[in-house]
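Sequences listed follow chains A and B, in order.
First residue of the first sequence: 1, per the UniProt record's numbering; consecutive thereafter.
First residue of the second sequence: 1, per the UniProt record's numbering; consecutive thereafter.
All remarks here apply to the structure that follows.
Number of protein chains: 2
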Amino acid sequence: MNLNSSRSGVPQAHTPPQNIVNSAPSGVPLGNAPPAAYFQEDWRPDPASPLPLHVQISSCFSARISSGAWPAGMKLAPQRELCRLLGVNRSTLMTALGTLAGQGLIEGRRGGGTRVTAADNHSNNSTAHGSWSDYLEEGTHYPNLPAVQAINRLEFEPGLIRLGTGEPAPELLPGEAMTRVLAELASRPLPPLAYEEPLGNAGLRSAVSRQLLKQGIQAEPGSILITSGALQGLQLIALGLLPRSSTILLERPSYLYSIHAFQSAGIKFSGLQVDESGMVVSRLAAETLRTRAAMLYTIPSFHNPTGIVMDETRRQELMAVSGGIGLPILEDGAYQELWLDAPPPLPLKALDREGRVLHLGTLSKAASPGLRIGWIVGPEPVIRRLADIKMQTDYGASSLSQMAAARWLDGGYHEEHLALLRSRLRERRALMLQLLDAHFSGLATWSAPAGGFYIWLSLHRPLPLRRLFESARRAGLLLNTGDLYDRGDSRHLRLSYAYASPDELQRGLPALAAIIREPVNV
Amino acid sequence: MNLNSSRSGVPQAHTPPQNIVNSAPSGVPLGNAPPAAYFQEDWRPDPASPLPLHVQISSCFSARISSGAWPAGMKLAPQRELCRLLGVNRSTLMTALGTLAGQGLIEGRRGGGTRVTAADNHSNNSTAHGSWSDYLEEGTHYPNLPAVQAINRLEFEPGLIRLGTGEPAPELLPGEAMTRVLAELASRPLPPLAYEEPLGNAGLRSAVSRQLLKQGIQAEPGSILITSGALQGLQLIALGLLPRSSTILLERPSYLYSIHAFQSAGIKFSGLQVDESGMVVSRLAAETLRTRAAMLYTIPSFHNPTGIVMDETRRQELMAVSGGIGLPILEDGAYQELWLDAPPPLPLKALDREGRVLHLGTLSKAASPGLRIGWIVGPEPVIRRLADIKMQTDYGASSLSQMAAARWLDGGYHEEHLALLRSRLRERRALMLQLLDAHFSGLATWSAPAGGFYIWLSLHRPLPLRRLFESARRAGLLLNTGDLYDRGDSRHLRLSYAYASPDELQRGLPALAAIIREPVNV
């Protein structure tokens with residue numbers, strides 16, 4: 001449930017049209033973003049084949065064009081990029097492209113790269129209209145931010161050190177324990193994998209109910225909706241509960257700025273200031289009235305991206321103020337269990353006696369993102385409305401995942417893994433803080449987080465963050481810059497100690513400091 | 001991917017507001033639909049407890065009210081219904097409700113049933129605004145049709161014979177084979193369950209690519225997007241490719257009329273006539289121009305709900321006509337593999353050389369719906385745009401499900417199960433046809449389907465279908481009436497031989513004939 005863990009990074013074939021760009025928050029154009037419409041990196045010519053490499057390439061491309069997989073007008077990746085992806089040198093590529101151009105399958109355009117020819121040999125069809133590719137810029141849902149797309153794409157480049165990724169490193173995921181869960185499931189005949197109830201697997205909802213009780217939240221299974229990760233929870237609330245052109249109040253910066261779930265549903269954001277005790281609530285009532293806000297979104301524990309924990313007094317103030325003005329709250333509890341020093345104060349949901357708080361939880365951060373299991377807790381009528389939308393969207397989450405998640409929670413695997421994960425995260429946090437002390441003391445300030453994944457680095461001077469991103473990328477570093485979480489930001493980076501290995505941190509952080517220190521680099 | 005398999009049936013707390021009802025196709029009000037806002041059926045008082053039943057009930061209700069799970073204003077189910085759900089008699093219930101009313105927690109309203117009191121003891125808060133329940137009628141996504149909600153709810157009532165359900169009966173799902181798949185996965189250490197690539201697990205996409213080849217479709221893994229069932233594919237196309245207020249051409253009747261994926265995105269339908277060779281294409285060009293249609297949706301093989309197979313000539317005509325006018329096609333191949341006599345003609349996607357066809361497939365019909373695995377095949381740039389939306393929606397399908405699905409296809413389980421499933425469906429089809437001959441020959445006409453799940457029963461005379469639905473329900477039969485698939489219909493039923501057991505068919509079909517025969521019953 002955070003930016004980097006999205007893999008959405010499929011580059012778009014074109015810049016989004018004005019009407020989309022205008023309403024989407026912008027300000028994050030990407031300097032050197034490749035133009036997209038790559039072919040997938042699932043094929044390379046075989047040097048052991050008797051066929052010359054260029055023949056293999058031209059045959060492969062030709063087949064994709066004539067099957068329609070590469071439709072008329074599709075732009076190929078730049079030649080340098082193609083050489084890299086195919087693992088061939090430039091002259092081999094040029095020979096192959098020459099063959100295809102000779103067959104009339106591709107054509108170069110001045111300044112526009114190479115494209116699939118409008119009408120190929122197999123079709124005498126006008127391509128002036130009527131292809132799915134014409135719809136790439138349509139649809140009501142925004143594409144991801146270009147910067148997010150770039151990050152997501154670059155996450156698949158081997159060798160880059162990912163300094164801001166919001167998911168646990170693969171070595172922190174419970175491979176062995178999950179295998180045991182699966183073996184347990186397979187040790188008895190599986191029930192038929194039919195559709196689950198609208199709210200989700202009853203066993204899993206009971207297990208989640210027990211788990212929530214440990215966090216102070218009393219929720220019957222009938223108040224819990226299982227979702228495909230917490231992101232889907234946000235999506236369902238955006239589609240199912242909020243009218244178009246509502247306004248959401250939220251911390252600024254916030255994870256929510258980096259995704260489009262709400263914006264695509266026509267919903268606006270209004271950011272509230274944050275201090276070391278969490279969201280500042282002194283102006284909450286006035287802001288609610290001014291913006292006629294429909295709800296408040298907050299990540300009270302180990303906030304993404306700042307790492308701040310809302311303290312107990314602030315939580316009570318927030319509940320009192322929002323109660324007085326009747327403002328519904330959406331509490332994102334994704335990091336609630338990931339305390340490293342001491343448990344955070346009780347979640348807002350635990351303080352709620354009126355059904356005014358919807359609470360989101362997930363197994364993605366503390367167990368495995370690939371399970372795609374999260375939940376929403378709230379008043380039963382609201383949960384049922386969201387379940388109706390969920391069933392219309394995808395007929396519910398995977399039964400297999402739900403059964404595995406129930407076993408994971410009930411079998412004690414979760415608590416066991418959490419203890420291990422916390423100790424690993426403590427080590428990594430200590431290392432990151434030590435490296436920051438050594439290399440960033442003249443450049444930035446930061447606070448030691450009490451849990452979660454993130455350190456919010458405040459640079460002493462503003463920097464052009466997109467250019468910093470590019471400089472870092474050239475140096476082998478992948479950054480999550482502050483502008484993803486607050487459009488106007490120019491002096492923050494979200495660092496994460498959850499993903500990069502200790503060795504990578506030891507190499508990456510000094511390299512980052514060097515880039516920031518030398519203005520010429522940025 | 002069909003109506004009954006949705007379990008969305010969570011009744012709404014209120015009638016949708018006018019602005020939703022007006023734009024949603026209507027005409028399917030439900031006679032005796034209960035007013036909703038039940039409590040979940042996950043609790044009953046314990047007769048063995050020393051506490052009297054009425055005390056257990058009032059304590060349970062009281063806890064739910066004071067936790068906010070039952071928010072102020074929520075309507076309780078009718079008393080008769082509550083007695084049934086709780087397994088108590090009326091006087092016990094009345095005692096419990098009396099206690100709660102005395103505590104000021106619930107109140108009766110003239111003609112309005114029983115509701116949770118506006119301000120409970122735990123809150124001095126005005127409920128004039130500010131509760132999530134106020135948003136039950138908001139949101140851009142429509143609730144399910146009332147009739148669909150009723151069907152979905154009734155599917156959980158034990159004892160009802162489900163004569164139209166579009167999913168395989170639990171005994172036709174591969175419980176044992178799926179257990180073996182899981183055991184295979186657990187026999188080696190699992191890879192970490194991290195996020196998958198935007199297009200989905202690479203191994204699964206390769207397996208799907210090989211599977212599609214058997215159906216005549218040549219698709220590289222890079223042209224395939226894994227979705228959480230085929231329904232999600234429809235949802236992604238609605239959100240990601242089509243502009244608001246586009247028009248879709250489709251068969252009339254069609255499965256697509258029964259779901260809201262497209263309507264909720266502001267997209268309109270225009271139905272085309274169907275004959276025994278499939279969609280009639282003679283007026284396709286004119287209709288496309290008249291409606292300025294953005295695309296055509298079709299289920300060419302074993303159409304839902306009519307069971308019709310588009311013949312080869314018609315497929316070629318359709319491709320030629322739509323090619324000439326540049327009309328993109330969305331082909332729903334959910335039933336493609338479920339032939340019972342001989343394989344159907346090649347899918348439209350196999351005839352496509354221009355990337356003009358998007359093809360949907362699923363494991364829900366021929367393997368297990370609970371896997372929640374489907375796919376979209378199409379031109380790579382389009383697939384990537386859809387992948388971007390998918391990642392924004394739920395960060396991809398469950399890794400566990402994807403790994404199991406890959407094993408299911410690669411391990412030969414799929415082909416083995418298909419053979420078994422076909423032979424079972426043949427038996428059930430034969431039985432249903434025999435029962436129809438015996439009991440419906442004076443009442444209706446029908447055709448023997450060559451595959452899929454459905455027989456489209458044409459009644460000799462029109463009937464008020466909502467009343468027929470209610471009469472049948474009282475007689476223990478759950479029907480999928482024709483108006484779900486064509487708003488104006490009053491003389492069809494979708495029968496399915498996939499769900500009800502042979503014994504149930506033998507009891508249910510004669511009972512249905514008796515209801516239809518006696519006008520007084522309807």
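Using N, Cα and C, we set each Cβ at its ideal position, and we do this for glycine too.
Anything in the segment 239 to 251 of chain B with a Cβ closer than 9 Å to a Cβ of chain A? List those residues in chain order, please.
Leu239, Gly240, Leu241, Leu242, Pro243, Arg244 and Ser246
Classify alanine 419 of chain B as buried or exposed, calling it buried when 16 or more other Cβ atoms lie within 10 Å of its own Cβ.
exposed
Is asparagine 304 of chain A helix, strand or coil by DSSP?
coil
Taking a cut of 8 Å between CB atoms, which residues from the segment 395 to 409 of chain A lie near chain B?
Tyr395, Gly396, Ala397, Ser398, Ser399, Leu400, Ser401 and Ala404
Can you tell me whether asparagine 89 of chain A is buried or exposed, with buried defined as 16 or more other CB within 10 angstroms of its CB?
exposed
Within 7 Å of chain A by C-beta, residues of the segment 358 to 377 of chain B in sequence order
Leu358, Ser368, Pro369, Gly370, Leu371 and Arg372
Measure the alpha-carbon distance for leucine 421 of chain A versus proline 174 of chain A and round it to whole angstroms.
9 Å
8 Å is my cut-off, CB to CB: does serine 8 of chain B come that close to chain A?
Residue placement at serine 8 of chain B is flagged as unreliable, the pLDDT there being 37, under the threshold of 50; the coordinate-derived value follows with that caveat. So, interface residue.
To the nearest angstrom, how far is the alpha carbon of alanine 96 of chain B from that of glycine 139 of chain B?
36 Å
Indicate the three-state DSSP secondary structure (helix, strand or coil) for glutamate 504 of chain A in the structure shown.
helix
Which residues of chain B have a Cβ atom closer than 7 Å to the Cβ of proline 178 of chain A, listed in chain order?
The sequence shown places methionine at residue 178 of chain A, rather than the proline named in the question. Leu190 and Leu193, listed in chain order.
Best match in B:Leu400, B:Gly333, B:Ala150 and B:Trp446 for proximity to arginine 234 of chain B [C-alpha to C-alpha]
With the sequence shown as reference, residue 234 of chain B is identified as leucine, and arginine is not the correct amino acid for it. When only C-alpha atoms are compared, the closest one is B:Gly333.
Are valine 321 of chain A and alanine 285 of chain A close, meaning C-beta to C-beta below 8 Å?
yes
To test your reading of the DSSP string, which unbroken alpha helix (DSSP H) runs of 4 or more residues are found completely within the segment 386 to 431 of chain B?
399 to 410
Closer than 7 Å at the beta carbon, the chain B residues around alanine 265 of chain A
Thr140
What's the C-alpha gap between isoleucine 161 of chain B and leucine 477 of chain B?
5 Å
If you measure between the beta carbons of glycine 229 of chain B and aspartate 503 of chain A, is that distance less than 8 Å?
no
Is tyrosine 255 of chain B close to chain A? Criterion is C-beta to C-beta, closer than 8 Å.
no
Return the residues of the segment 378 to 393 of chain A that lie within a Cβ-Cβ distance of less than 7 Å from chain B, sorted by chain order.
Gly378, Pro379, Glu380, Pro381, Val382, Arg384, Arg385, Ala387, Asp388, Ile389, Met391, Gln392 and Thr393
My parser needs the beta strand (DSSP E) runs of 3 or more residues fully inside the segment 334 to 389 of chain B; what are they?
357 to 362 and 374 to 377
How should lysine 214 of chain A be labelled, buried or exposed, when 16 other C-beta atoms within 10 angstroms of its C-beta is the threshold for buried?
exposed
How far does the alpha helix (DSSP H) with glutamate 331 of chain B in it reach, from first residue to last?
No alpha helix (DSSP H) contains glutamate 331 of chain B, which is instead part of the beta strand (DSSP E) from 329 to 332.
So for phenylalanine 440 of chain A, helix, strand or coil by DSSP?
helix
Three-state secondary structure (DSSP) of isoleucine 161 of chain A
strand
Can you list the residues of chain A that glutamine 232 of chain B reaches, using a CB-CB cut of under 7 Å?
Thr393 and Asp394
In this structure, how does DSSP classify threonine 117 of chain B when only helix, strand and coil are distinguished?
coil
Going straight from the alpha carbon of threonine 362 of chain B to that of isoleucine 329 of chain A, what length do you get?
38 Å
Short check: CB of glycine 203 of chain A to CB of arginine 372 of chain B, under 8 Å?
no
Compile a chain-ordered list of the residues in the segment 333 to 356 of chain B whose CB is closer than 7 Å to at least one CB of chain A.
Asp352, Arg353, Glu354, Gly355 and Arg356
8 Å is my cut-off, CB to CB: does glycine 411 of chain A come that close to chain B?
no
Boundaries of the beta strand (DSSP E) in which serine 458 of chain B is found, first to last residue
454 to 459
Going by the DSSP bridge assignment, what does tyrosine 297 of chain A pair with across the sheet?
A:Leu250 and A:Leu330
Along the chain, where does the beta strand (DSSP E) that runs through threonine 227 of chain A open and close?
224 to 227
Between which residues of its own chain and glycine 108 of chain A is the CB-CB distance below 6 Å, once the five residues before and five after are set aside?
Thr114
Environment of arginine 153 of chain B [buried if 16+ CB atoms lie within 10 Å]:
buried
Taking serine 496 of chain B as part of the beta strand (DSSP E), name the residues at either end of that continuous run.
492 to 496
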